[in-house]
Amino acid sequence: MDNILIYISYDGTGYSGFQIQANAPTVQESIERALQVIYKEPIRIIVAGRTDAGVHARGQAANFRVPFRIATSCLPYALNAVLPSDIVVTAARVVPDSFHARFDAKRKIYSYTIDQALFPQVTRRLYSLHQADKLNIDRIKIAVGYLEGTHDFKAFQAAGSPVADTQRTLFRVELVERPKEKIVVLFFEGSGFLYHMVRLFTGTLIRVGKGKLNPGDVKAALEGRKPLAVGPTVPACGLCLEKVVYDL
Numbered sequence: 004m005d006n007i008l009i010y011i012s013y014d015g016t017g018y019s020g021f022q023i024q025a026n027a028p029t030v031q032e033s034i035e036r037a038l039q040v041i042y043k044e045p046i047r048i049i050v051a052g053r054t055d056a057g058v059h060a061r062g063q064a065a066n067f068r069v070p071f072r073i074a075t076s077c078l079p080y081a082l083n084a085v086l087p088s089d090i091v092v093t094a095a096r097v098v099p100d101s102f103h104a105r106f107d108a109k110r111k112i113y114s115y116t117i118d119q120a121l122f123p124q125v126t127r128r129l130y131s132l133h134q135a136d137k138l139n140i141d142r143i144k145i146a147v148g149y150l151e152g153t154h155d156f157k158a159f160q161a162a163g164s165p166v167a168d169t170q171r172t173l174f175r176v177e178l179v180e181r182p183k184e185k186i187v188v189l190f191f192e193g194s195g196f197l198y199h200m201v202r203l204f205t206g207t208l209i210r211v212g213k214g215k216l217n218p219g220d221v222k223a224a225l226e227g228r229k230p231l232a233v234g235p236t237v238p239a240c241g242l243c244l245e246k247v248v249y250d251l
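The sequence shown begins at 4 in our numbering and counts up one residue at a time.
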């Protein structure tokens, strides 16, 4: 049985997250239903990262084993013909039998989009967080520097998270301004992320940009000296999984 890797883009607005849940629409359920239509038997997928309700993806990844071979050049077209319009398979390839979409991921890249227009832009409302107050970009860039590197990010995870090992490496944290669109985008590239980690990063950096926190408060929060400097957890709508990186 071939082991197939697919890349997926989706609008998470209408879904209760990626992972299958009882009595709620999920991205996984839609993909597995489409696979069953094509392969005529149930197929379970393994996903790189389980996004929450309302979170989007441009480069999600998942693998699965198939009972018979369909050319990988044709598979995205076959799946997209069955999938709802807010889920699109963008590529497919055969991978080694031992490949695991979650455990073999080397890096993940997330983005969070902030709408800085005076009034909320209706066409952006499902894909960004509106913040009319002008953010001090220089202050945010200073704070961003404290996040990069290998740290214990325990302070930047959702309360009650069961994860024991909270050390992660952030290879890149970048702020990109798009003045014509009045948008600010934060990019986070890391070895892995804790639950709500990116949304807590973003909420914290917004407070820095508004002058409600000092850039150094981010460093203090990482060191456990200022836990109240973390957050809030910003809404899911602005978050997008941009890419999952593998050694393939």
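All C-beta atoms, glycine included, are put in the ideal place defined by N, C-alpha and C. Every value quoted in this text rests on a predicted model; they were computed, and no experiment measured them.
Look up residue i in the DSSP assignment and give the residues it is bridged to.
i: L242; result: Y115
i: R68; result: N6
i: R96; result: L8
i: I90; result: Y13
i: A120; result: Partner(s): none; A120 has no beta bridge.
i: H154; result: R171
i: H133; result: D118
i: V247; result: K111
i: H59; result: C243
i: A27; result: Q24
i: V50; result: A65
Residue j and residue i - do their beta-carbons sit closer together than 9 Å?
i: K109; j: L244; result: no
i: K229; j: N139; result: no
i: L178; j: V187; result: yes
i: L129; j: D14; result: yes
i: N66; j: F102; result: yes
i: A51; j: A104; result: yes
i: F191; j: R175; result: yes
i: G17; j: L242; result: no
i: R171; j: H199; result: no
i: V233; j: A158; result: yes
i: R96; j: T75; result: yes
i: P79; j: I145; result: no
i: Y149; j: K222; result: yes
Can you say whether residue i is buried or exposed, counting buried as having 16 or more other CB atoms within 10 angstroms of its CB?
i: S33; result: buried
i: D118; result: buried
i: S114; result: buried
i: A63; result: Just to set this straight, residue 63 is Gln in the shown sequence, not Ala. Classification for Q63: buried.
i: S131; result: buried
i: G227; result: exposed
i: D220; result: buried
i: C240; result: buried
i: D107; result: buried
i: L189; result: buried
i: A224; result: buried
i: L208; result: buried
What are the boundary residues of the beta strand (DSSP E) that residue i is part of?
i: L78; result: Premise fails: L78 lies in the alpha helix (DSSP H), 78-85, not in any beta strand (DSSP E).
i: Q170; result: 170-181
i: V30; result: Where V30 is concerned, there is no enclosing beta strand (DSSP E), although the alpha helix (DSSP H) it sits in stretches over 30-42.
i: G193; result: 186-193
Tell me, to the nearest whole angstrom, how far the beta carbon of residue i is from that of residue j; I am working on the premise that it is less than 8 Å.
i: E35; j: R47; result: 7 Å
i: R142; j: P218; result: 6 Å
i: R210; j: L203; result: At roughly 11 Å, the Cβ-Cβ gap does not stay under 8 Å, so R210 and L203 are not in contact.
i: N6; j: V98; result: 5 Å
i: V85; j: I41; result: 7 Å
i: S12; j: R68; result: Their Cβ separation, rounded to whole angstroms, is 23 Å, which puts S12 and R68 out of contact at 8 Å.
i: L197; j: V247; result: In fact, because the Cβ distance is near 17 Å, the residues do not count as touching under 8 Å.
i: K185; j: A120; result: 4 Å
Which stretch, first to last residue, makes up the alpha helix (DSSP H) that contains residue i?
i: D141; result: 140-150
i: V211; result: 200-212
i: V221; result: 218-225
Cβ-heavy atom distance between residue i and the ligand ATP below 8 Å?
i: E44; result: The ligand ATP is not part of this structure, which contains no ligands at all.
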